[in-house]
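Notes to accompany the following structure.
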């Protein structure tokens, strides 16, 4: 599923629109992992109104690089959806055009 919004719409605001749609279409959905942008009112609202657990994956150490638990699941899924983004930005319509464009770069 996708939700197209204006650039001025925050992810948190868009989630308020998207979560009820997800809940309706995926009845077995119970747990959603989210980053720290999805805190506060949205977490409470999702639990109270939709019966969803919105679990915020938090940084364990504020200094330095650490891999966040469950973050790889999101990144992997996005890579699958975008087919690893290999041709996501290609505007070529035939394989000959793609080959010519690849040789030119």
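Residue numbers (my numbering): 1 to 105.
Glycine is no exception: its CB is placed at the ideal position from the N, C-alpha and C atoms.
Just so we're clear, the structure is a prediction, and the values are computed from it rather than from any experiment.
query                                                                                                                              : result
In this structure, does DSSP put residue 50 in helix, strand or coil?                                                              : helix
How many whole angstroms separate the CB atoms of residue 55 and residue 72, which I take to be in contact at a CB cut-off of 8 Å? : Not really, about 15 Å apart at Cβ, beyond 8 Å.
Measure the alpha-carbon distance for residue 36 versus residue 3 and round it to whole angstroms.                                 : 20 Å
Taking buried to mean at least 16 other C-beta atoms within 10 Å of its own C-beta, is residue 52 buried or exposed?               : buried
When we look at the beta-carbon of residue 31 and count the other beta-carbons within 10 Å, is it buried (16 or more) or exposed?  : exposed
Can you grab the Cα-Cα spacing for the pair residue 21 / residue 100, in whole Å?                                                  : 42 Å
Can you tell me which of the three DSSP states residue 3 falls into?                                                               : coil
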